[in-house]
Amino acid sequence: MLLEGWGRYPRFESEALGLGDPLAVPGLVASSRGIIARGNGRAYGDAAIGTRRTLGALGLDRMKAFDPQSGRLTVEAGMLLSDILAAFLPRGFFPPVVPGTKLVTVGGMIAADVHGKNHHRDGSFGDHLEQLTLVLPSGQAVACGPSENADLFRATVGGMGLTGIITGATFRMKPVETGWIRQRTIVAKDLAGALKALDDSDAATYSVAWIDCVARGAGLGRSLIFAGEHATRQEVSSERPDAPLLPLASPGRLGVPFDLPAMTLNKASVAAFNELYFRRGARNGDKPFLTHWHPYFFPLDGVDRWNRIYGRRGFLQHQCVVPPATAHAALAEILDRITRSGKASFLAVLKKMGAGGSLMSFPMPGYTLALDLRVTDETFALLDQIDRIVVAAGGRLYLAKDARQSRQTFEAGYPTLGRFNDLRSAIGAPGHMASHLSSRLGI
Amino acid sequence: MTENRKTMLLIGATSDIGRATAMAYAEAGWQVLLAARNVQSAQRNADDIATRTGAGVGVHALDILHSDAMPGFVDGLPVLPDTVVCVVGEMGDQERAQVEFDHAAMVFRTNFEGPSLLLGHFANRFLARGSGSIVGVSSVAGDRGRGTNYIYGAAKAGFTAFLSGLRNRLAPSGLRVVTVKPGFVRTRMTAGMKLPGLLTAEPAEVGAAILAAAEGKRGRDVIYVRPVWRGVMSVIGAIPEPIFKKLKL
Ligand SMILES: Cc1cc2nc3c(=O)[nH]c(=O)nc-3n(C[C@H](O)[C@H](O)[C@H](O)COP(=O)(O)OP(=O)(O)OC[C@H]3O[C@@H](n4cnc5c(N)ncnc54)[C@H](O)[C@@H]3O)c2cc1C
Ligand SMILES: NC(=O)c1ccc[n+]([C@@H]2O[C@H](COP(=O)([O-])OP(=O)(O)OC[C@H]3O[C@@H](n4cnc5c(N)ncnc54)[C@H](OP(=O)(O)O)[C@@H]3O)[C@@H](O)[C@H]2O)c1
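Protein chains in written order, with UniProt numbering: chain A, 1 to 443; chain B, 1 to 249.
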């Protein structure tokens with residue numbers, strides 16, 4: 001079967017097999033090589049495509065137990081985040097960390113050690129895990145956690161599926177009074193202003209900046225910073241007395257039903273979009289207002305299959321993180337190149353990160369910038385130049401978004417790779433657990 | 001959550017349609033009892049439903065081919081349920097069933113004899129109590145025998161006739177019997193088959209349709225989950241036999 005990631009680049013043939021019963025996983029894993037797990041395929045590049053076989057985990061979709069006292073939830077690894085939200089938001093619980101889409105599995109969230117808008121305060125998803133069940137290449141199922149088979153745990157969280165198949169996990173949900181977010185918008189006139197605004201929002205639970213990638217010169221890096229808090233029952237009942245306290249998601253009505261010609265995303269249309277978005281955001285000014293949880297956390301999930309908007313050749317997401325000391329200079333240079341190239345991306349998101357998590361986790365203290373670029377003949381060379389800036393700044397790229405970085409860039413960004421490889425060797429993973437990402441990067 | 005919640009029993013709890021049906025009842029506030037021959041896989045669904053909805057869910061062992069054990073099974077339940085839904089079924093292998101008669105007998109017994117006998121036990125107890133609803137999942141395959149699946153079809157035809165007769169018998173006492181003909185459903189039974197999109201339902205649709213038909217204000221006797229099936233089946237039913245017998249179906 002021809003498989004692709006969310007960016008629709010690259011595409012590879014791989015034999016697709018569905019996992020339905022956790023008890024059947026060990027036999028299947030032990031008896032095949034060149035395999036990797038696949039959750040909901042939201043990684044952008046080649047991470048969830050096995051060199052020979054790809055084991056789909058969506059059938060591992062049962063919840064196991066929930067304790068309302070502690071918020072502790074145990075689920076199978078193919079469980080979608082959207083199912084967790086649907087079952088628990090009405091009961092007043094929210095996941096500890098959510099990425100920018102709810103259409104991901106718990107296994108994918110662990111393997112990529114995903115971060116959310118609260119990373120600066122709460123860390124990544126792996127920081128909230130109490131236990132996971134991992135089927136090793138040998139077929140043996142082991143439980144691991146922060147204090148149980150800790151080495152294996154630290155390699156599996158953020159390990160991009162390369163230590164085995166995760167079949168289940170336990171983590172803590174957090175209590176919330178409402179499904180509303182009290183949002184504040186801060187306008188920053190340039191990049192320095194944006195970084196400062198993010199620093200000033202350290203105390204906010206959630207913060208993220210949207211950068212206008214078309215603005216150049218003095219306005220380079222002009223941004224809107226969205227800070228947010230879970231609204232209290234009292235705030236909602238006084239400001240929106242008619243609103244339900246714990247509203248469910250309304251199913252997205254928009255959709256991109258076919259491949260739009262790549263033309264729709266030309267420079268002029270992106271510039272117009274950015275102008276509009278920036279003005280609309282700026283108008284809301286400093287005054288806090290209530291936002292429904294769904295558009296706040298998952299704005300893109302409102303448009304079905306929006307990845308088709310970039311046309312058949314697909315698109316690339318480039319997400320780097322750079323340390324605080326070099327951040328301003330490096331990000332300014334990256335933005336300058338992007339804006340001058342005229343390949344301004346639809347989305348550019350800037351976020352402050354706190355301490356790093358596991359062995360191969362992406363987050364580290366600093367600032368992370370994510371850009372989307374349509375695949376064209378020139379995109380690859382442009383991104384290679386940007387990678388050199390990232391490496392020189394002491395940064396790294398996010399594997400869940402990557403489809404093209406070089407081994408040199410990867411090795412420079414992940415100095416713990418040696419330890420990861422040693423652990424993989426010890427459990428017989430090399431050659432056994434193998435994705436196109438791992439073979440491209442020499443893992 | 002009230003103390004005197006209603007209870008439903010789902011027979012065939014490892015099936016995808018069964019799981020979705022039990023889930024629909026649990027979401028509507030019912031207590032759920034699951035019965036299956038594979039208790040371990042049924043427990044996986046029980047935990048799932050309980051965790052998602054907060055409903056109480058119990059698991060009970062039952063093999064639909066063991067008719068001697070049925071009275072003990074029914075009396076061993078914690079309560080006599082308000083509604084019982086049977087989704088047990090087995091498509092079998094038509095070509096094999098044409099030559100291996102044990103296989104044909106297993107298909108007959110799993111789709112017709114077993115479910116009918118078990119629902120008969122519930123019918124008698126519901127009558128004695130004066131309340132209760134019965135739902136049987138049959139199939140459009142039973143509406144007319146076709147060369148490619150008439151062993152399964154014949155068994156489902158028998159079950160459909162059983163349900164219709166039972167409905168007729170229980171109606172004067174105000175008890176409801178619902179026959180479900182799901183059409184195509186995307187489940188383990190049909191995995192790998194090419195299914196026409198418009199005619200194919202998701203398990204959750206079947207679950208919701210069963211709940212509405214059995215418990216809704218306006219009850220229904222026979223449901224085709226996707227309404228187009230009613231039309232399709234009346235066309236198929238109207239083809240004269242001399243022509244029908246020559247069609248490759
Ligand atoms: C619109 C959008 C917004 C996003 N926003 C963010 C964000 O804000 N923050 C962030 O961190 N990420 C973000 N992501 C990336 C996404 O969260 C990750 O790629 C995540 O891993 C996807 O989960 P998935 O279930 O789709 O996994 P897949 O894409 O199917 O797989 C991703 C990786 O996880 C591994 N994996 C999956 N399941 C298992 C398993 N059961 N056992 C072992 N390994 C497994 C795969 O082998 C692969 O390496 C975003 C993606 C999109 C499309
Ligand atoms: N899928 C469709 O398109 C479709 C269409 C029309 C009608 N149907 C009917 O819908 C019902 C559910 O089907 P499904 O699609 O959900 O398929 P399924 O998953 O194969 O369900 C069949 C169920 O019957 C159970 N079963 C079989 N033999 C049994 C026995 N001796 N004792 C106890 N349980 C037994 C199976 O249990 P095990 O797990 O232990 O095998 C399984 O739970 C069936 O009656 C089927 O005929 C399905």
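Ideal placement from N, C-alpha and C gives every residue a C-beta, glycine not left out.
All figures in this text were calculated on a predicted structure; none of them were measured in a lab.
Out of the options, point me to the one whose CA is closest to residue i's CA.
i: A/Arg121; options: A/Gly354, A/Gln183, A/Met63, A/Val214; result: A/Gly354
i: A/His115; options: A/Lys102, A/Val104, A/Val98, A/Arg407; result: A/Val98
i: A/Gln69; options: A/Arg172, A/Ser14, A/Thr339; result: A/Arg172
i: B/Val88; options: B/Met106, B/Val222, B/Val99; result: B/Met106
i: A/Gly56; options: A/Met1, A/Ile186, A/Tyr9; result: A/Met1
i: A/Gly302; options: A/Gly418, A/Leu423, A/Thr101, A/Leu350; result: A/Thr101
i: B/Ala69; options: B/Gly29, B/Leu117, B/Val39; result: B/Leu117
i: B/Ala214; options: B/Ser131, B/Gly56, B/Thr14; result: B/Ser131
i: A/Gly145; options: A/Pro137, A/Ala231, A/Ala155; result: A/Ala155
i: A/Ser82; options: A/Val390, A/Asn274, A/Val104, A/Trp180; result: A/Val104
i: residue 444 of chain A; options: A/Met63, A/Ile35, A/Pro175, A/Arg42; result: As shown, chain A starts at 1 and ends at 443. That puts residue 444 of chain A outside it, with no answer to give.
i: A/Ala16; options: A/Leu28, A/Pro22, A/Leu23; result: A/Leu28
i: A/Ala169; options: A/Val75, A/Glu378, A/Gly418; result: A/Val75
i: B/Ser67; options: B/Ile223, B/Gly92, B/Phe112; result: B/Phe112
i: A/Ala348; options: A/Asp372, A/Leu152, A/Leu417; result: A/Asp372
i: A/Cys213; options: A/Leu73, A/Ser207, A/Thr205, A/Arg222; result: A/Arg222
i: B/Val74; options: B/Ile11, B/Thr51, B/Ala238, B/Arg167; result: B/Ile11
Given that residue i touches chain A, what residues does it touch there, using C-beta distances under 9 Å?
i: B/Val187; result: Checking the sequence, you will find Thr at residue 187 of chain B rather than Val. Under the 9 Å cutoff, chain A gives no residues; its nearest Cβ is about 11 Å from B/Thr187.
Can you tell me where the beta strand (DSSP E) with residue i in it begins and where it stops?
i: A/Arg53; result: 53-56
i: B/Glu90; result: Premise fails: B/Glu90 is in no beta strand (DSSP E) and is neither H nor E.
i: B/Met8; result: 7-11
i: A/Gln319; result: 315-322
i: A/Gln114; result: Reading off the sequence, residue 114 of chain A comes out as Val, not Gln. That residue, A/Val114, is in no beta strand (DSSP E); it is neither H nor E in DSSP.
i: A/Lys196; result: First-last for A/Lys196: 191-200, but that is the alpha helix (DSSP H), not the beta strand (DSSP E).
i: B/Gly136; result: 133-137
Distance cutoff 8 Å, beta carbons only. Does residue i sit that close to anything in chain B?
i: A/Pro261; result: Reliability of the predicted coordinates at A/Pro261 is poor, the pLDDT of 46 falling under 50, and no value is obtained from them.
i: A/Pro257; result: For A/Pro257, the pLDDT reaches just 47, beneath the cut-off of 50, and the residue's location in the model is therefore unreliable, although a value from the coordinates is still provided. A/Pro257 does not count as touching chain B.
i: residue 453 of chain A; result: This structure does not reach residue 453 of chain A, given that chain A is present from 1 up to 443, and the question cannot be answered.
Can you confirm whether residue i, when its beta carbon is compared against all beta carbons of chain A, has any partner nearer than 8 Å?
i: B/Arg37; result: no
i: B/Ala13; result: no
i: B/Asp47; result: yes
i: B/Ser41; result: yes
Report the neighbours of residue i on chain A: residues whose CB is nearer than 8 Å to its CB, in chain order.
i: B/Asp221; result: None at all; the shortest Cβ gap to chain A is about 32 Å.
Please list, in chain order, the chain B residues whose beta carbon lies closer than 7 Å to that of residue i.
i: A/Phe94; result: Chain B residues near A/Phe94: none, gap ~16 Å exceeds 7 Å.
With respect to the alpha helix (DSSP H) encompassing residue i, which residues constitute its N-terminal and C-terminal limits?
i: A/Asp372; result: Where A/Asp372 is concerned, there is no enclosing alpha helix (DSSP H), although the beta strand (DSSP E) it sits in stretches over 366-374.
i: A/Leu23; result: Where A/Leu23 is concerned, there is no enclosing alpha helix (DSSP H), given that its DSSP letter is neither H nor E.
i: A/Ile186; result: Where A/Ile186 is concerned, there is no enclosing alpha helix (DSSP H), although the beta strand (DSSP E) it sits in stretches over 180-188.
i: A/Pro436; result: The residue asked about is misnamed: residue 436 of chain A is His in this sequence, not Pro. That run of the alpha helix (DSSP H) goes 436-441.
i: A/His119; result: 119-122
i: B/Leu65; result: Where B/Leu65 is concerned, there is no enclosing alpha helix (DSSP H), given that its DSSP letter is neither H nor E.
i: A/Ala381; result: 379-392
i: A/Phe410; result: 407-413
So residue i contacts chain A; which residues on that side make the cut at Cβ distance below 7 Å?
i: B/Arg44; result: Arg62
Using a beta-carbon distance cut-off of less than 9 Å, what residues from the stretch 51-73 of chain B approach chain A? From the stretch 51-73 of chain B, only Thr51, Arg52, Thr53, Gly54 have a Cβ closer than 9 Å to chain A.
Output, in sequence order along the chain, the residues in the stretch 65-87 of chain A whose CB is closer than 9 Å to any CB in chain B. Interface annotation for the stretch 65-87 of chain A against chain B: Ala65, Phe66, Pro68, Leu73, Thr74, Val75, Glu76, Asp83, Ala86, Ala87, criterion Cβ-Cβ distance under 9 Å.
If the cut-off is 9 Å on Cβ atoms, which residues from the stretch 6-22 of chain A count as contacting chain B, listed in chain order? For the stretch 6-22 of chain A, which is checked against every Cβ of chain B, the residues closer than 9 Å are Gly18, Gly20, Asp21, Pro22.
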